[in-house]
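S.K.: Position 400 (the sequence shown) corresponds to 381 in our numbering; numbering is contiguous. Quick one: the structure is below, questions incoming.
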Amino acid sequence: MGKRGKPAAHGRRPVHATGARRARRRRSRGSLPSWPPLRRALERATPLLRRARPAYPRPDRTGYRRWIPSRRQTLGGFLGCAGLLALLVAVAYWQTDIPENPNSFATQQDNVFYWADGTKMARTGWVSRQEMPLEKVPEDVRWAVLAAENAGFYSDPGISPSGILRALSRMVGGGDTQGGSTITQQYVKNVYLSQDQTVSRKFQEMLLALKMDNTLSKDEILEGYLNTSWFGRGTYGIQRAAQAYYGKEVSELDVSEAAFLASLLKGAGLYDPTLGPENRERAVERWEWVLDRMVEIGKLTPAERAKYTEFPDPLEATGGRIDLGGQRGYLAELAKSYVIRYGKVSEKDFDLGGYQIYTTFDREKTEALDRAVREARRKLDPERRKADRYVRTGAATVAADGRILALYGGPGFLKQGFNESNAVTVPAGSAFAPLVYASALTDGVVRERDAPRTPVTPLTRYNGQHNAPVMTPEGPYWDRNGKVVRGRNDGGRDWGTSISLRDAMVNSVNSTFLQLGMDVGLDRVRRHAAAAGLLPSSLGPQVPALALGNSTPSAIRMATAYGTFAAGGVRSEPYSVIRATRNGSEVELPRHRPRRAFSAEVSAQVTDALRGVMEEGTGREARVPGIRPAGKTGTTEDNKAAWFVGYTGKEATAVVLYRMDLRKLDLLPLDGVAGHRDEAPGSPLPGMIWKDYMTAAARP
């Protein structure tokens, strides 16, 4: 061995080098497992791993070339990165779950209300969308969409790698970000993600699309896509698009129309031809391309394609939703409450949308009633007359079979949500008298203690004196204040001690009906009033004033009760909805069965008396040329309400006028309303409204 620092003889290693290696081997052995087989295997593999490890920086290069990787190193690095990326994607896919709750905007639908003639009345909800099952979408319509957007939909894995790379490159380069997505990806974006064009959102879209493609069937994905896509004109989904552009159900579309709607998916604002000539040019070009594409993928024959040479121009845009202004809002709210109550639908479910509600409301009658009320209210001058402030009007027309045909709920739903036609705050007054009359004709009366019931007829005589005391078999009726209750006639008029019941009805003699109600029995009067259609909860206390209308029925219910007489004594429960569906499925609603409340003879006698009111009594001013209706005015002793209720052989209409400050909910007197100075209580306005309305809308 040479001296320290000098090289050893040829073929021998330096002492210090050999010792260092031995030391390293000893240290490495100390870190190896103690189990001999495993230790020996690792000892054999260690030199191989050292040789396989790439030398970097490269020792056989100098300068900057040392830092340039070899082809082997480049390939290894690329494969390593690809493997790591694949591992990360696999882990991300494994951890990705389809969200249980989609975007609320994606599931929100609108509710559409229809007039009785089938035309649209109103639409509620934040978006215009109606889900449509795929089986109700014609196959030609489906393939028009697929041809335009994703012809390989049924064979792809839910994503298009080339499309994703193309979209990402455009995104990075600042170009057009549209395209590059399969229908599955677009559906994921519509339902679960935002519309932001970012790399992270695109990556999340890809993972969800893969997961969805492995979870749902292709038909389920296509159905969801068709129901959530934006088609312009405020519409989401193919069903609303068909209605907005062609006024049709989606099931009625032909191939040509479907090809145009499919064009809108590329950008509705660019392809709606009604928005300008440039749009129309683009729309025609895209429409032709979609049809040609359908031929190319084998979903349309050349002969079929040749039929479609004219572009199917859509309807002009109508502004989208139909708002709830005017009377429409009251009608829609009434129909909604009916579906919720009788269809057993929660308000939350209803507000999610998707309902199609076919109402009983007659458009022409509703508009005629609205005009009649507005015309009468022109006589009010709240700025000059204090008595004209807070004057409110409610009105309703109910058919003899229970259909609510029209109503006036107030000055407009968007101005005042309180529906005055359905309010149960106003006393019926003497408009309640026909129910007392019918009760007496049905059950008879008892005038003396322990005496049997005595039948009465329209010719039975009663006391009609003003201030006549109300009598019981034990004597006068005393109120809680210790005063004898007396019947006060309108204007203080005295009708003598012997007036027939029919004449008392014709002339609205309060004292007669106050006593008649006591003789029939107030419990029986209540029962008959409820049988005729008034809600038991609206019937007043069981005191003599019950016979003079201390009950507070709504205009709808008063029209129902009078409609019972129009139907020959058969009562039909009022209803506002004929049928309702949700996305094509029927909502089960009850069938209201008519019930007999009074005999046909009693109803005929009541009708005869109420015709007398119109022809010779208090309702003369409301007579309508050409028809012979039956009707009754209604006033209250404190003059806080005025009614007119009348009917023909087919329908009944009730009009109520009152004053109320909705902030205080206190009834105010009608004295001097519209300049009316007659000493008699009430107001001529309800009769005027009824007459004008019936002149325009009633049928003999």
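Note that the Cβ used here is the ideal one computed from N, Cα and C, for glycine as well. Because the structure is a prediction, the values reported are computed rather than measured.
Taking the alpha carbon of Gly334 as the reference point, which residue from Pro667, Tyr45, Phe94 has its own alpha carbon closest?
M.R.: What you label residue 334 is simply residue 353 of the sequence shown in a count that begins at 1. Measuring from the Cα of Gly334, the nearest candidate turns out to be Phe94.
S.K.: For a test of the three-state rule: what should DSSP assign to Val172, helix, strand or coil?
M.R.: By one-based count along the sequence shown, residue 172 stands at place 191. Residue state, collapsed to three classes: helix.
S.K.: To test your reading of the DSSP string, which unbroken alpha helix (DSSP H) runs of 4 or more residues are found completely within the stretch 392 to 450?
M.R.: Whole alpha helix (DSSP H) segments, 4+ residues: 414 to 424.
S.K.: So, using beta-carbon positions, are Thr209 and Val169 closer together than 7 Å?
M.R.: Taking the sequence shown and counting its residues from 1, the one referred to as residue 209 is at position 228. Taking the sequence shown and counting its residues from 1, the one referred to as residue 169 is at position 188. Contact flag unset, no.
S.K.: Per the DSSP calculation, Leu648 is bridged to which residue(s)?
M.R.: As a working note, residue 648 is residue 667 in the sequence shown. According to DSSP, which records beta bridges pairwise, Leu648 is partnered with Met641.
S.K.: From Ile49, Ala432, Gly544, pick the residue whose C-alpha is nearest to that of Ala581; which is it?
M.R.: Numbered from its first residue, the sequence shown carries residue 581 at position 600. Measuring from the Cα of Ala581, the nearest candidate turns out to be Gly544.
S.K.: In the DSSP assignment, the alpha helix (DSSP H) including Ala603 goes from what residue to what residue?
M.R.: Taking the sequence shown and counting its residues from 1, the one referred to as residue 603 is at position 622. Premise fails: Ala603 is in no alpha helix (DSSP H) and is neither H nor E.
S.K.: Mind listing, in chain order, the continuous beta strand (DSSP E) runs of no fewer than 3 residues lying wholly within the stretch 549 to 604?
M.R.: Fully enclosed beta strand (DSSP E) runs of 3 or longer: 558 to 563, 566 to 568.
S.K.: Quick one: Cα of Ala125 to Cα of Tyr628, how far?
M.R.: Indexing the sequence shown from 1 puts residue 125 at position 144. Indexing the sequence shown from 1 puts residue 628 at position 647. Whole-angstrom Cα-Cα distance: 55 Å.
S.K.: From what residue to what residue does the alpha helix (DSSP H) around Tyr206 run?
M.R.: Locating residue 206 in the sequence shown gives position 225, where the first residue counts as 1. Segment 199 to 209, the alpha helix (DSSP H) holding Tyr206.
S.K.: I need the DSSP call for Phe546, collapsed to helix, strand or coil.
M.R.: On the sequence shown, residue 546 is found 565 positions in, with the first residue counted as 1. Residue state, collapsed to three classes: helix.
S.K.: Ignoring anything shorter than 4 residues, give me the alpha helix (DSSP H) runs that lie fully in the stretch 275 to 340, in order along the chain.
M.R.: Counting only runs of 4 or more, we get 283 to 286, 309 to 323, 328 to 333.
S.K.: Let me know the secondary structure DSSP gives Asn491 once reduced to three states.
M.R.: For this step, residue 491 is matched to residue 510 along the sequence shown. In the structure shown, Asn491 sits in a helix (DSSP, three-state: H, G or I).
S.K.: Determine the direct distance from the alpha carbon of Gly250 to that of Lys325, and round the result to whole angstroms.
M.R.: Stepping through the sequence shown from its first residue, residue 325 is reached at position 344. Stepping through the sequence shown from its first residue, residue 250 is reached at position 269. Going from the Cα of Lys325 to the Cα of Gly250 covers about 40 Å.
S.K.: What residue range does the alpha helix (DSSP H) around Met669 cover?
M.R.: For the purposes of this step, residue 669 is identified with residue 688 of the sequence shown, where counting begins at 1. Run containing Met669: 666 to 678, per the alpha helix (DSSP H) assignment.
S.K.: Taking 7 Å as the CB-CB limit, is Gly473 close to chain B?
M.R.: No chain B appears in the structure shown, which is made up of a single protein chain.
S.K.: Nearest CA to the CA of Val372: which residue from Ala678, Ala561, Leu666?
M.R.: Taking the sequence shown and counting its residues from 1, the one referred to as residue 372 is at position 391. The shortest C-alpha separation from Val372 is found at Leu666.
S.K.: Measure the C-alpha to C-alpha separation of Ala542 and Asn403 and round it to an integer number of angstroms.
M.R.: The residue labelled residue 542 in the question sits at position 561 within the sequence shown. The residue labelled residue 403 in the question sits at position 422 within the sequence shown. In a straight line, the C-alpha of Ala542 is about 14 Å away from that of Asn403.
S.K.: Considering just the uninterrupted stretch of the beta strand (DSSP E) at Tyr95, what are its terminal residues?
M.R.: Residue mapping note: residue 95 aligns to position 114 of the sequence shown, counting from 1. Start and end: 92 to 95.
S.K.: Check whether the stretch 337 to 354 touches the stretch 569 to 588, taking contact to mean three or more Cβ pairs, one atom from each stretch, closer than 8 Å.
M.R.: Taking 8 Å as the limit for Cβ pairs, the verdict is that the stretch 569 to 588 does not touch the stretch 337 to 354.
S.K.: Would Tyr311 and Gly390 qualify as a contact pair, given that the criterion is a beta-carbon distance under 7 Å?
M.R.: Indexing the sequence shown from 1 puts residue 311 at position 330. Indexing the sequence shown from 1 puts residue 390 at position 409. Contact: yes.
S.K.: Keeping to the same chain, check which residues put their C-beta closer than 7 Å to that of Ala316; ignore five residues upstream and five downstream.
M.R.: Numbered from its first residue, the sequence shown carries residue 316 at position 335. Cβ neighbours of Ala316 beyond the five flanking positions: Phe94, Ile338, Thr340, Ser557, Val558.
S.K.: Determine the direct distance from the alpha carbon of Glu130 to that of Ala349, and round the result to whole angstroms.
M.R.: Counting from one through the sequence shown, the residue named residue 349 turns up at place 368. Counting from one through the sequence shown, the residue named residue 130 turns up at place 149. Answer to the nearest angstrom: the Cα atoms are 50 Å apart.
S.K.: How many Å lie between Tyr418 and Glu567 at the Cα?
M.R.: In the sequence shown, counting from the first residue as 1, residue 418 sits at position 437. In the sequence shown, counting from the first residue as 1, residue 567 sits at position 586. For Tyr418 and Glu567, the distance between alpha carbons rounds to 43 Å.
S.K.: Exposed or buried, what is Glu632 when buried is set at 16 or more other beta-carbons lying within 10 Å of its beta-carbon?
M.R.: If you number the sequence shown from 1, residue 632 lands on position 651. Buried, because 16 or more other Cβ atoms sit within 10 Å of the Cβ of Glu632.
S.K.: Can you tell which of Arg25, Thr55, Glu230, Leu242 has the C-alpha that lies nearest to the C-alpha of Trp128?
M.R.: Mapped onto the sequence shown, residue 128 falls at position 147. The identity of residue 128 in the sequence shown is Ala, whereas the question assumes Trp. Of the listed residues, the one whose Cα sits closest to Ala128 is Leu242.
S.K.: Taking the continuous alpha helix (DSSP H) assigned at Ile219, which residues delimit it?
M.R.: Taking the first residue of the sequence shown as position 1, residue 219 is located at position 238. Unbroken alpha helix (DSSP H) run through Ile219: 219 to 227.
S.K.: For Arg384, which beta-bridge partners are listed by DSSP?
M.R.: Here residue 384 corresponds to residue number 403 of the sequence shown, with the count starting at 1. Tyr556, per the DSSP bridge assignment.
S.K.: Here's the rule I'm using: 16 or more other beta-carbon atoms within 10 Å means buried, otherwise exposed. How should Ile278 be labelled?
M.R.: As a working mapping, residue 278 is identified with position 297 in the sequence shown. Exposed, because fewer than 16 other Cβ atoms sit within 10 Å of the Cβ of Ile278.
S.K.: Spell out a yes or no on whether the stretch 493 to 513 and the stretch 588 to 608 are touching, meaning 3 or more CB-CB pairs, one atom from each, closer than 8 Å.
M.R.: Too few Cβ pairs lie closer than 8 Å, so no.
S.K.: Cβ atoms of Ile670 and Ala240: under 7 Å apart, would you say?
M.R.: Numbered from its first residue, the sequence shown carries residue 240 at position 259. Numbered from its first residue, the sequence shown carries residue 670 at position 689. Against a cut-off of 7 Å, the Cβ pair of Ile670 and Ala240 comes out as no contact.
S.K.: Checking 7 Å against the spacing of the C-beta atoms, do Ala412 and Gly615 come in under that value?
M.R.: Stepping through the sequence shown from its first residue, residue 412 is reached at position 431. Stepping through the sequence shown from its first residue, residue 615 is reached at position 634. Yes. Within cutoff.
S.K.: May I ask which residues mark the beginning and end of the beta strand (DSSP E) holding Gly250?
M.R.: By 1-based counting over the sequence shown, the position of residue 250 is 269. It is not in any beta strand (DSSP E) - Gly250 instead sits in the alpha helix (DSSP H) that spans 249 to 252.
S.K.: Helix, strand or coil: how does DSSP classify Glu632 here?
M.R.: Within the sequence shown, the letter at position 651 stands for residue 632. Here Glu632 sits in strand by DSSP.
S.K.: If you reduce the DSSP assignment to three classes, tell me which class Lys697 lands in.
M.R.: Nothing can be reported for residue 697, as the shown portion of the chain is limited to -18 through 681.
S.K.: Could you give the DSSP three-state label for Gly472: helix, strand or coil?
M.R.: Within the sequence shown, the letter at position 491 stands for residue 472. In this structure, Gly472 counts as helix in the three-state DSSP scheme.
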